[in-house]
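Input: a single structure, listed below in structure tokens.
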Amino acid sequence: MDVRDLVGEAFAGLLARPVRSALTTLGTVLGITTLVITLGVAATAGNQIVGRFDELVATAITVEVPESENTPLVAWDAIDRLTRLRGVVSAAAVAESKDSVNLSVRSNDLVDPTRVTAQTLTVLAATPGLPEAARGRMTRGRFFDAGHIERADRVAVLGGQAAKMLGVTRLDRAPAIFIGRDAYTVIGIMGDLRRERDLSTAVIVPPSVGRRFGLRDVTRVLVNTSLGAADLVAGQAPTALSPGNGDALQVIAPPSPTRARDQAQDDVDALFLILGLVSLVVGAVGIANVTLVTVMERVAEIGLRRSLGAARRHIAAQFLLESTLTGLAGGVIGASVGVVGIVAISAAKQWTPLLDVRLAVAAPVAGAVVGLLAGLYPALRAARMEPVDALR
Amino acid sequence: MPEPVIELDRVRKDFPSRPPVRALADVSLRVDRGDYVAVIGPSGSGKSTLLNVLGLLDRPTSGSYRLDGAETTELADGARTRLRGRRIGFVFQSFHLLAHRSVVENVMLAEIYGDHARKGRRERALAALERVGLGHRVGFLPDRLSGGERQRAAIARALMGQPSLLLCDEPTGNLDSRNTEAVLDLFDELREHGLTILVITHEQEVSERAARRVRIIDGVLVEEA
Ligand SMILES: Nc1ncnc2c1ncn2[C@@H]1O[C@H](COP(=O)(O)OP(=O)(O)OP(=O)(O)O)[C@@H](O)[C@H]1O
Ligand SMILES: [Mg+2]
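Respectively, the protein sequence lines represent chains A and B.
Here the first sequence is numbered in our numbering, starting from 1 and rising by one per residue.
Here the second sequence is numbered in our numbering, starting from 1001 and rising by one per residue.
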């Protein structure tokens, strides 16, 4: 028997009772629609949550460097190696110590008895990438560069809050501040920090200068990665920063997107998935039921086909194909309705719909499989009939 | 002497009902190529049972049935099905036309299960319909046809695929005398082309035109003179 003839007969069988065939697909349509919407909306919503995390959390990594007795765990120039890693957008090393957090800083050497100009501020040493690494910018002046560091210039950059407290507002006259007894030229003010906001009340000096305040070694490294690279960079950063001693470093990485997913959302998804699967089973039972009824109604037709030379497998194949096509139709309709549903829900919530092609392909296939399974028993019944009995 | 088309040797068919029925009692029959045999007998005598056995739709309880010289009673289901599809054409008492398919589609159905070429199938079906005088009704659905027209559509379908044996159960039961005449003329013509025909009938007219007549009473078959 030619496959085209088989397909033709199956279609003719379905189209002989179009309303019944259409109604038979309903269960599958319902099941597939539910599954497609559930999976699609879950993927879309998941994407939204990650999207919101983007800028702030999902790409920020902090590496804490414990103190060490002799050689420092992370050398100041290690930051260059880190920056070269794929996925790293910006990075800076910072040194902070217990002794440097409460230093007395004045903005003028003239001690005015009526005014308390000295402030207790934190002094930090940092590499030049700090403004980017803290996701801020220079509101005035500029940050110190490699040249300042090399020459150990006595320069300082103030956090926005620190500048206000010290009364430093303009830089055109090269204002000086005093940390202890030494004067430092303020060359920039750093503000709009979206990360490490307490840097706003700090005084930042070049590492070569920081030694005077006990800021010898790197204690913390701030890293920003491109979206999606956080996991990768978090794994590679310790080795890049401290070859051989990477294990001693403590990496604080953002939670990965799956972990960021809302638990409640997962529960709702599971509920709908079960609902969709139940609908599919109900759809399968519906197809099985209707196909069985159809087989019983078409006993004479089966007998006739047998008399025309149809083997048992031809009869089985026809009914199997009819039920599979019914399921497939349900799957195609369900997938389409589901996609429309995803788009509608996304529009209502102002999300960007995320349509997975695999889902759009898998849904009709799932429908067809449901139809195939549902048709097994009726097809077997039809094939087992004896021609004489069928023709009586 | 050429091989007979049908050779039944003491064929018995028992139905294991309660009480058991012996529908065919040791029937022996030989039908040669081009024969035209009428089977007559009262209702319930076993005519349809004989036709089912001859058409390989049913297996005899005992005895031997050779079709074109080949023993069929020991063949597996698949082989019997192929033989049936290739050699035998049926015209059933109740036509068995598919209600949702046009006349020509019903006729074309006879060729989909064999190894016939798809090409030219419609033309062959149209030719078969032309032959039974139904060329003007090819696109009709069966329920739009008169009883006689349905019967002729069923005959056209039986002739598709060129069987060597045509088995008919009451093929003229619904026809008036003029249409009966036309069908019988067609049978004569087919017989001349070498087709073997076996017809179950109640009608005098049909049995009289047959070269041979056999009568079944309570499963026992006797040749009439
Ligand atoms: N499956 C069956 N089980 C039991 N008995 C059966 C079965 N099929 C047929 N019979 C019996 O076998 C006998 C012969 O039946 P068959 O159908 O061959 O008669 P017939 O000669 O074709 O009658 P009619 O002219 O009315 O069509 C009948 O008595 C019938 O009741
Ligand atoms: Mg009968």
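Think of the CB as a built atom: it goes at the ideal place given N, C-alpha and C, for glycine as much as any other residue.
Note that this is a predicted model, so its numbers are computed, not measured.
- Remark: three or more beta-carbon pairs, one from each stretch, lie closer than 8 Å, so the segment 125-138 of chain A and the segment 200-216 of chain A are flagged as touching.
- When DSSP states are grouped into helix, strand and coil, residue 1203 (chain B) belongs to the coil group.
- Secondary-structure assignment with DSSP links residue 1166 (chain B) through a beta bridge to B:1089 and B:1197.
- Residue pairing of residue 184 (chain A) in beta bridges, as defined by DSSP: A:177.
- Here DSSP, grouped into helix, strand and coil, assigns residue 367 (chain A) to helix.
- For residue 1060 (chain B), the distance from the CB to the nearest heavy atom of ligand 1 is not below 8 Å.
- Using a 10 angstroms sphere on the CB of residue 1084 (chain B), the tally of other CB atoms reaches 16 or more, which defines it as buried.
- In the three-state reduction of the DSSP assignment, residue 1119 (chain B) falls in the coil class.
- In the DSSP assignment, residue 83 (chain A) falls within the alpha helix (DSSP H) that extends over 78-83.
- Sixteen is the threshold: since fewer than 16 other Cβ atoms of the shown chains lie within 10 Å of the Cβ of residue 271 (chain A), the residue is exposed.
- Taking residue 307 (chain A) as the centre and dropping the five residues before and after it, the same chain places the C-beta of 387 and 391 closer than 8 Å to its C-beta, in chain order.
- The DSSP-derived three-state label of residue 134 (chain A) is coil.
- For residue 328 (chain A), not one C-beta of chain B is nearer than 9 Å to its own C-beta.
- Of all C-beta pairs linking the segment 1069-1081 of chain B to the segment 309-323 of chain A, three or more are shorter than 8 Å, placing the two stretches in contact.
- Contact of residue 364 (chain A) with chain B is not assigned, every C-beta pair being separated by 9 Å or more.
- Between residue 1184 (chain B) and residue 1153 (chain B), the C-beta spacing is not below 9 Å.
- Applying a distance threshold of 5 Å between residue Cβ atoms and the heavy atoms of ligand 1 selects B:1015, B:1017, B:1021, B:1023, B:1043, B:1044, B:1045, B:1046, B:1047, B:1048 and B:1049, given in chain order.
- Remark: C-beta atoms of residue 144 (chain A) and residue 123 (chain A) do not approach each other more closely than 9 Å.
- Setting aside the 5 residues that flank it on each side, residue 1160 (chain B) is surrounded in the same chain by 1107, 1110, 1111, 1124, 1125 and 1128, each with a C-beta closer than 7 Å to its C-beta; the list follows chain order.
- Per DSSP, residue 1013 (chain B) is one residue of the beta strand (DSSP E) stretching across 1006-1015.
- The C-beta distance from residue 1049 (chain B) to residue 1012 (chain B) rounds to 11 Å, too long to fall under 8 Å, and the pair is not in contact.
- Taking the beta carbon of residue 356 (chain A) as reference, no residue of chain B falls within 7 Å; the closest one sits roughly 40 Å away.
- Residue 305 (chain A) has its alpha-carbon roughly 8 Å from the corresponding atom of residue 1113 (chain B).
- If the five residues before and after residue 1219 (chain B) are omitted, its C-beta is found closer than 6 Å to the C-beta atoms of 1022, 1023, 1024, 1025 and 1046, all from its own chain and listed in chain order.
- Taking a Cβ-Cβ cut-off of 9 Å, the neighbours of residue 1118 (chain B) in chain A comprise 2, 4 and 5, given in sequence order.
- For residue 1193 (chain B), the closest alpha carbon among the candidates B:1177, B:1035, B:1090 and B:1039 is that of B:1035.
- Just measuring C-alpha positions, the residue of A:75, A:141 and A:340 sitting nearest residue 37 (chain A) is A:340.
- Interface flag for residue 322 (chain A) against chain B is unset, since no Cβ pair is found closer than 9 Å.
- Leaving aside the five residues that flank residue 1030 (chain B) on each side, the residues in its chain whose CB is nearer than 8 Å to its CB run, in chain order, 1004, 1006, 1007 and 1008.
- Neighbours of residue 9 (chain A) in chain B, taken as residues at a C-beta separation under 9 Å, are given in chain order as 1109 and 1112.
- By the Cβ-count criterion, residue 23 (chain A) is exposed, with fewer than 16 other Cβ atoms from all chains shown falling within 10 Å of its own Cβ.
- Among the residues facing chain B, residue 295 (chain A) is not included, as its CB has no counterpart in that chain under 9 Å away.
- Rounded to whole angstroms, the separation of the alpha carbons of residue 1059 (chain B) and residue 316 (chain A) is 22 Å.
- For residue 1074 (chain B), no Cβ of chain A is located within less than 9 Å of the residue's own Cβ.
- Nearest C-alpha to residue 1115 (chain B) among B:1099, B:1082, B:1138 and B:1146: B:1082.
- By a beta-carbon distance limit of 8 Å, residue 136 (chain A) contacts residue 193 (chain A). Their separation comes to about 4 Å.
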